[in-house]
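Residue numbers (this note's numbering): 1 to 302. No residue lacks a Cβ here, since even glycine has one placed at the ideal position from N, Cα and C. Note that the structure is a prediction, hence the values are computed from the model and not measured. Have a look at the structure below, then the notes.
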Amino acid sequence: MQKICKYIKKIYKNDKKIVVIVSAMGNSTDSLIELSKEFGGEKISKRELAVLLSTGETKSSSLFAMLLSNLNVPAKSFQGYQLQTTTYGGYESGRIAYINKSIIDNCINNETVAVIAGFQGINRNGEITTLGRGGSDTTAAAIGVLYDEKVEIYSDFDGVFAGDPKEYNFKKLKQIDFNSMLNLAEGGAKVIDGRATSLAKDFEIELISKSSSEPEKCGTVISAIEKDIISLAVIDRLTQITIVVTNPERVEKVIKNVILCLDKTKFYNFSANLNKITFLIDSSTKTKTLSNLSKKLNLIKK
Numbered sequence: 001m002q003k004i005c006k007y008i009k010k011i012y013k014n015d016k017k018i019v020v021i022v023s024a025m026g027n028s029t030d031s032l033i034e035l036s037k038e039f040g041g042e043k044i045s046k047r048e049l050a051v052l053l054s055t056g057e058t059k060s061s062s063l064f065a066m067l068l069s070n071l072n073v074p075a076k077s078f079q080g081y082q083l084q085t086t087t088y089g090g091y092e093s094g095r096i097a098y099i100n101k102s103i104i105d106n107c108i109n110n111e112t113v114a115v116i117a118g119f120q121g122i123n124r125n126g127e128i129t130t131l132g133r134g135g136s137d138t139t140a141a142a143i144g145v146l147y148d149e150k151v152e153i154y155s156d157f158d159g160v161f162a163g164d165p166k167e168y169n170f171k172k173l174k175q176i177d178f179n180s181m182l183n184l185a186e187g188g189a190k191v192i193d194g195r196a197t198s199l200a201k202d203f204e205i206e207l208i209s210k211s212s213s214e215p216e217k218c219g220t221v222i223s224a225i226e227k228d229i230i231s232l233a234v235i236d237r238l239t240q241i242t243i244v245v246t247n248p249e250r251v252e253k254v255i256k257n258v259i260l261c262l263d264k265t266k267f268y269n270f271s272a273n274l275n276k277i278t279f280l281i282d283s284s285t286k287t288k289t290l291s292n293l294s295k296k297l298n299l300i301k302k
């Protein structure tokens, strides 16, 4: 948070109209869920759970505004209800229908950074709702749509990679198109929430995935422009592997290479549909299979 605040201070010198959307800190949401089980037992009210989970972002937004103010950057925090962020679809996975842009405008037009708690909303009855896992990304994309501006999303990683950088030294993608990003999200990639990508795609808002620890780095641009890339995602609990190929002319060759890698490996439910290849493998062969695929498809940094 401190690194991002210092980065914002640099930007603020030249651009006084800045909107920041924050998520809960660390594992706050998981901790709050465990706390709800301790106090609420097996039958937890969805209404009360939404109220509890929203406090993670309330805390983050207030502290973030304090950090900026301490750096002599005027800032003001806002909760979902203050922006009249109206949702539909229940307490746990609401969909944004409306945000009062004028309230944000009043803040940034006075050269004050608007720090918005993501993930939060209210229903038409004024009761607190949440947007589900990854909801802060969705809030950020919605704000981007309101202003017709690009959205920079900061996480632990410096962009989108050809595979999970925790597994191997995968290449970083400079650019990826919306459809490929959505296919990766469906396949288990967790860099940017799929709903945020869908919003950005529908309204042609550019997303940029960047590192919170090194915000100056360029990251990965997610846009409508298609690039010739191959990327891989894994859902551990299902041992499902998804490979996305953006160039249709390469799909047949990639399929052949994948099958060569799987020559002595048991695999199930193999399917190749347009630019996406999906199959299941036994968990015991996951490490070896990923290693072989990554090398064969040239996804590893040299």
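In this chain, the beta strand (DSSP E) harbouring Gln120 covers 120-122.
Rounded to the nearest whole angstrom, the CA to CA distance from Ile225 to Ser36 is 44 Å.
Judged by their CB atoms, Asp193 and Gly144 are not nearer to each other than the 8 Å cut-off. Here DSSP, grouped into helix, strand and coil, assigns Ile143 to helix.
Between Gln120 and Tyr98 a beta carbon distance of about 14 Å is seen, past the 8 Å cut, so the two are scored as non-contacting. Going by DSSP, Thr29 is part of the alpha helix (DSSP H) stretching over 28-40.
Beta-carbon to beta-carbon, Lys301 and Asn123 are separated by about 47 Å, too far to satisfy the 8 Å threshold.
In the DSSP assignment, the residues bridged to Glu152 are Ile208. Inclusion of Glu216 and Tyr12 in the CB contact set at 8 Å is not warranted, their separation being larger than that value. Judged by DSSP secondary structure, Asp177 falls within the beta strand (DSSP E) whose first and last residues are 175-177.
Annotation for Asn292: the continuous alpha helix (DSSP H) segment containing it runs 286-296. Listed as beta-bridge partners of Leu63 by DSSP are no residues whatsoever. By the beta-carbon neighbour count (other beta carbons within 10 angstroms, threshold 16), Glu127 is exposed.
Cβ contact annotation for Glu204 (same chain, cutoff 7 Å, sequence separation greater than five): Ala224, in chain order. A buried status is given to Ser77, since no fewer than 16 other beta-carbon atoms sit within 10 Å of its beta-carbon. Per the coordinates, the alpha-carbon of Ala24 lies some 11 Å from the alpha-carbon of Ser31. In the three-state scheme derived from DSSP, where H, G and I count as helix and E and B as strand, Phe203 is classed as helix.
Residue environment for Gln2: exposed (fewer than 16 other C-beta atoms within 10 angstroms of its C-beta). Two segments are said to touch when three or more pairs of C-beta atoms, one from each, lie closer than 8 Å; by this definition the segment 184-203 touches the segment 236-247.
Here Thr287 is exposed. Its C-beta has fewer than 16 other C-beta atoms within 10 Å.
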